[in-house]
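Here is the structure we will look at.
2 protein chains.
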Amino acid sequence: MARILILGAGVMGTALAVPASDNGHYIFLAGTPLDDAAIASMKAGAPHPKLDAPLAETVTILAADEVMPHHAANADLIIVGVSSEGVSWAAEKLNALLNVKKTVAFVTKGLCHEGEEISTYAEILPPRISNMAHFIGIGGPCIARELGSRTPTLSLYASHNHAAAAFAVRLMQTPYYRLAVGHDVSGVEACAALKNFYTIGVSAMQTRYPNLSRTDNQSKNPIAGAFNQAVQEMAFLCEKLGGQRETAFDLAGLGDLHVTVGGGRNSKLGSGLGKGDTVSQVMAGDLAGETVEGIATARIVAALLEKIGDDARKLPLAHAIVEAVINDREFNFDFSKLF
Amino acid sequence: MARILILGAGVMGTALAVPASDNGHYIFLAGTPLDDAAIASMKAGAPHPKLDAPLAETVTILAADEVMPHHAANADLIIVGVSSEGVSWAAEKLNALLNVKKTVAFVTKGLCHEGEEISTYAEILPPRISNMAHFIGIGGPCIARELGSRTPTLSLYASHNHAAAAFAVRLMQTPYYRLAVGHDVSGVEACAALKNFYTIGVSAMQTRYPNLSRTDNQSKNPIAGAFNQAVQEMAFLCEKLGGQRETAFDLAGLGDLHVTVGGGRNSKLGSGLGKGDTVSQVMAGDLAGETVEGIATARIVAALLEKIGDDARKLPLAHAIVEAVINDREFNFDFSKLF
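Sequences listed follow chains C and G, in order.
Residue numbers for the first sequence follow the numbering used here, beginning at 1 and rising by one.
Residue numbers for the second sequence follow the numbering used here, beginning at 340 and rising by one.
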């Protein structure tokens with residue numbers, strides 16, 4: 001039996017403890033300072049507030065100040081499951097914890113914009129965390145709450161070091177949590193961030209052309225057309241960010257886009273835009289007080305489009321989303337600009 | 340202004356008359372012997388029974404016995420929009436009509452199984468129609484009724500002859516009907532047929548894992564996982580059928596799969612299977628009297644899997660669908676067989 005340290009006790013970090021403990025491993029689930037409420041609840045034996053069942057007894061719950069270097073030193077695998085806002089905290093924490101080299105798997109995703117450079121966590125994090133042996137990027141269509149309920153879920157663990165990814169997969173895979181091993185870390189990280197952004201545009205099509213002849217009131221051609229366009233544009237941007245086109249056409253790309261359009265905050269924002277609201281209107285209404293990751297990504301994509309220059313004509317959906325988010329204008333994805 | 344002859348006055352053939360006539364062309368919409376009711380209705384100025392609005396006055400409605408060689412001879416483009424069952428009728432009709440070489444675009448899709456050979460219409464039809472100058476395969480995410488209502492729709496026109504496909508696209512494209520030009524005719528035809536088959540399996544996931552915490556009662560991870568798996572398997576089979584993998588990752592593949600899972604008879608069959616019913620139970624219930632194209636495709640995919648032999652282990656979703664359709668067993672797509 002192995003020991004797995006999970007940093008971040010949000011819904012995703014906590015959900016990952018479910019397959020890990022089902023495999024008989026000892027899990028140390030450590031919260032960030034923002035997870036105190038969830039930590040208290042789980043320490044009292046209750047489920048995580050956003051999950052449906054309590055964790056196994058082999059999961060040790062730790063508050064942010066309770067996680068110690070020996071937890072890291074004894075871990076066979078470390079998983080980081082903080083939000084993108086927490087990634088700097090996680091990097092610092094790992095530097096404080098890690099006295100020996102360890103492989104770290106990140107389910108956190110995001111793009112970074114520093115100076116002229118736009119990069120994924122696959123480039124940014126390894127030089128920042130001195131004792132990280134190998135970086136693993138986790139991608140694919142996984143809503144945490146469903147994983148926590150043992151609903152069949154596919155994901156992808158990618159690393160430049162195949163053995164490291166394959167080892168993590170052996171620890172984490174269960175009959176309901178099926179894991180592919182990949183190598184295109186930059187591509188997985190790029191797609192994981194871009195899918196939140198593109199979800200805004202695809203989800204807008206779910207409300208833009210109402211169809212009263214269907215129970216869900218959706219016209220399907222525009223949704224499928226926008227979904228396909230999003231996948232093509234993700235492949236293009238994935239390559240610009242140092243990844244491979246193929247990655248966008250598999251679990252971390254179209255698979256994750258599919259699940260993200262299926263529900264969540266990025267999708268809700270898109271639905272509002274489809275009805276003709278602006279981003280500020282939706283954020284003041286249904287999404288008041290929430291963080292929508294696709295908005296932060298849109299700011300970086302805007303910089304990326306500028307950097308790419310002329311090629312950006314190939315990305316009409318990205319331009320439409322950027323225009324709506326950055327300039328707080330009505331979302332207008334003009335199909336007549338395609339082909 | 341051009342003249343376009345559309346053979347087949349089903350819902351798709353008729354819907355194609357909408358963008359064509361919006362572009363100012365003269366359309367001759369000819370029914371098959373099975374279209375008599377729709378033809379009578381449209382001749383009386385009413386809409387096609389499955390469309391929402393009547394056609395323009397520039398569309399001439401013809402019964403099967405009214406279409407003459409001069410209609411073909413004067414046509415700048417011929418489009419065949421019959422069902423797969425009608426494709427032999429269409430080939431014979433074209434041989435009777437065509438005295439000069441003409442390009443023919445087929446929106447009809449299907450796979451053929453003759454002797455040892457499993458082929459797409461892209462291989463089967465050109466040698467059968469002596470005066471067909473170029474074959475165009477039409478694919479992509481297009482529900483006919485939505486196209487008929489001028490809802491934004493993307494499609495792909497593919498031909499070995501680029502100029503022929505580009506010419507057809509110029510005639511047919513409107514601001515709401517956006518058309519890409521392609522060259523992988525076999526791939527487009529393979530995907531167009533396979534997407535009906537795979538829709539059965541993906542749609543089964545919409546009902547298999549109910550999730551009461553959502554308004555649509557669907558768990559999203561299994562649907563997205565199966566959708567992604569279907570796309571990967573389509574790419575594999577597309578190549579086996581003489582097409583290119585890339586075609587499965589674009590409009591004719593994942594795009595069309597997306598729209599087909601969105602609604603229609605293949606999807607309804609899948610939903611029934613997801614609930615635990617067998618194909619014969621669903622076909623005796625909700626789908627009584629209907630033709631489900633994915634069932635015919637499943638028989639051909641079964642033969643294809645046999646022909647491929649060992650490689651078929653790579654296609655667990657195809658095997659699960661074939662098993663359910665051919666042996667009338669419960670649908671059982673075991674995620675634990677993946678990876």
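Just so it is clear, CB atoms sit at the ideal spot from N, CA and C, and this is done for glycine as well.
Using a Cβ cut-off of 7 Å, pull out every chain C residue sitting near residue i, in sequence order please.
{"i": "residue 559(G)", "result": "143, 146, 259, 262, 263"}
{"i": "residue 593(G)", "result": "228, 231, 254"}
{"i": "residue 654(G)", "result": "By Cβ distance, chain C contributes nothing, its closest Cβ being about 15 Å from residue 654(G), past 7 Å."}
Would you mind telling me which residues of chain C sit closer than 8 Å to residue i, beta carbon to beta carbon, in chain order?
{"i": "residue 675(G)", "result": "175, 176, 178"}
{"i": "residue 562(G)", "result": "258, 259, 262"}
{"i": "residue 490(G)", "result": "209, 211, 219, 221, 222"}
I want to verify the contact list: residues of chain G whose CB lies under 9 Å from the CB of residue i, in sequence order.
{"i": "residue 198(C)", "result": "Per Cβ cutoff of 9 Å: no residues; residue 198(C) is ~14 Å from chain G at best."}
{"i": "residue 157(C)", "result": "What residue 157(C) touches in chain G: nothing, since even the nearest Cβ is about 10 Å away."}
{"i": "residue 54(C)", "result": "Ordered by position in chain G, no residue passes the 9 Å Cβ test against residue 54(C), which lies about 17 Å from the chain."}
For a contact defined as C-beta to C-beta under 7 Å, what are the partners of residue i on chain G?
{"i": "residue 250(C)", "result": "567, 571"}
{"i": "residue 339(C)", "result": "517, 518, 519"}
{"i": "residue 77(C)", "result": "By Cβ distance, chain G contributes nothing, its closest Cβ being about 18 Å from residue 77(C), past 7 Å."}
At what residues does the alpha helix (DSSP H) containing residue i begin and finish?
{"i": "residue 515(G)", "result": "Per DSSP, residue 515(G) belongs to no alpha helix (DSSP H) and is neither H nor E."}
{"i": "residue 236(C)", "result": "220–240"}
{"i": "residue 270(C)", "result": "265–274"}
{"i": "residue 198(C)", "result": "185–208"}
{"i": "residue 326(C)", "result": "316–326"}
{"i": "residue 82(C)", "result": "No alpha helix (DSSP H) holds residue 82(C); DSSP gives it neither H nor E."}
{"i": "residue 296(C)", "result": "293–308"}
{"i": "residue 368(G)", "result": "Counting along the chain, residue 368(G) falls outside any alpha helix (DSSP H), though it belongs to the beta strand (DSSP E) covering 365–369."}
Can you round the beta-carbon distance between residue i and residue j to whole angstroms, since I take them to be within the 8 Å contact cut?
{"i": "residue 495(G)", "j": "residue 519(G)", "result": "5 Å"}
{"i": "residue 457(G)", "j": "residue 580(G)", "result": "7 Å"}
{"i": "residue 613(G)", "j": "residue 543(G)", "result": "4 Å"}
{"i": "residue 234(C)", "j": "residue 19(C)", "result": "No, residue 234(C) and residue 19(C) are not in contact; Cβ-Cβ is about 27 Å, not under 8 Å."}
{"i": "residue 594(G)", "j": "residue 479(G)", "result": "6 Å"}
{"i": "residue 82(C)", "j": "residue 90(C)", "result": "5 Å"}
{"i": "residue 23(C)", "j": "residue 151(C)", "result": "Not confirmed; about 17 Å, so no contact."}
{"i": "residue 529(G)", "j": "residue 415(G)", "result": "Not quite, the Cβ-Cβ distance comes to about 28 Å (not below 8 Å), so this is no contact."}
{"i": "residue 312(C)", "j": "residue 333(C)", "result": "Actually they are not in contact, since the Cβ atoms of residue 312(C) and residue 333(C) sit about 15 Å apart, beyond 8 Å."}
Given this structure, state the Cα-to-Cα distance separating residue i from residue j, to the nearest angstrom.
{"i": "residue 537(G)", "j": "residue 492(G)", "result": "21 Å"}
{"i": "residue 483(G)", "j": "residue 244(C)", "result": "35 Å"}
{"i": "residue 517(G)", "j": "residue 639(G)", "result": "32 Å"}
{"i": "residue 125(C)", "j": "residue 187(C)", "result": "15 Å"}
{"i": "residue 413(G)", "j": "residue 439(G)", "result": "10 Å"}
{"i": "residue 382(G)", "j": "residue 281(C)", "result": "49 Å"}
{"i": "residue 389(G)", "j": "residue 481(G)", "result": "15 Å"}
{"i": "residue 278(C)", "j": "residue 271(C)", "result": "11 Å"}
{"i": "residue 396(G)", "j": "residue 147(C)", "result": "56 Å"}
{"i": "residue 558(G)", "j": "residue 597(G)", "result": "17 Å"}
{"i": "residue 434(G)", "j": "residue 401(G)", "result": "18 Å"}
{"i": "residue 114(C)", "j": "residue 541(G)", "result": "41 Å"}
{"i": "residue 26(C)", "j": "residue 215(C)", "result": "46 Å"}
{"i": "residue 451(G)", "j": "residue 137(C)", "result": "43 Å"}
{"i": "residue 386(G)", "j": "residue 360(G)", "result": "15 Å"}
{"i": "residue 123(C)", "j": "residue 131(C)", "result": "15 Å"}
{"i": "residue 497(G)", "j": "residue 467(G)", "result": "19 Å"}
{"i": "residue 184(C)", "j": "residue 160(C)", "result": "7 Å"}
{"i": "residue 297(C)", "j": "residue 322(C)", "result": "9 Å"}
For a contact meaning CB atoms closer than 8 Å, what does residue i contact in chain G?
{"i": "residue 214(C)", "result": "602"}
{"i": "residue 19(C)", "result": "In chain order: nothing, as chain G lies at least about 12 Å away."}
{"i": "residue 237(C)", "result": "Result: empty, since nearest Cβ-Cβ is about 15 Å, beyond 8 Å."}
{"i": "residue 16(C)", "result": "Residues of chain G passing the Cβ test: none, with the nearest at roughly 14 Å."}
{"i": "residue 98(C)", "result": "What residue 98(C) touches in chain G: nothing, since even the nearest Cβ is about 30 Å away."}
What is the residue span of the beta strand (DSSP E) that residue i lies within?
{"i": "residue 3(C)", "result": "3–7"}
{"i": "residue 678(G)", "result": "Element bounds for residue 678(G): n/a, residue is neither H nor E."}
{"i": "residue 102(C)", "result": "102–106"}
{"i": "residue 679(G)", "result": "No answer is possible for residue 679(G): it lies beyond the span of chain G, which begins at 340 and ends at 678."}
{"i": "residue 496(G)", "result": "492–497"}
{"i": "residue 473(G)", "result": "471–478"}
{"i": "residue 453(G)", "result": "450–453"}
{"i": "residue 398(G)", "result": "398–401"}
At least three beta-carbon pairs within less than 8 Å, the stretch 103–111 of chain C to the stretch 23–36 of chain C: The stretch 103–111 of chain C is not in contact with the stretch 23–36 of chain C.
Three CB pairs or more closer than 8 Å across the stretch 568–584 of chain G and the stretch 522–541 of chain G: With a cut-off of 8 Å, the stretch 522–541 of chain G and the stretch 568–584 of chain G count as touching, because enough Cβ pairs lie within range.
Inter-stretch contact (C-beta, 8 Å, three-pair minimum) for the stretch 500–508 of chain G and the stretch 319–326 of chain C: The stretch 500–508 of chain G is not in contact with the stretch 319–326 of chain C.
The stretch 341–360 of chain G contacting the stretch 399–417 of chain G, beta-carbon criterion three pairs below 8 Å: Using a C-beta cut-off of 8 Å, the stretch 341–360 of chain G makes contact with the stretch 399–417 of chain G, since at least three inter-stretch Cβ pairs fall below that distance.
Given 8 Å, three or more beta-carbon pairs between the stretch 38–58 of chain C and the stretch 10–29 of chain C: Here the stretch 38–58 of chain C lies against the stretch 10–29 of chain C, with 3 or more beta-carbon pairs under 8 Å apart.
The stretch 669–678 of chain G / the stretch 642–660 of chain G touching (three or more Cβ pairs under 8 Å): Between the stretch 669–678 of chain G and the stretch 642–660 of chain G, the count of C-beta pairs closer than 8 Å reaches three or more; the two stretches touch.
Sufficient close CB pairs (3 or more, under 8 Å) joining the stretch 283–295 of chain C to the stretch 252–266 of chain C: A contact exists between the stretch 283–295 of chain C and the stretch 252–266 of chain C.
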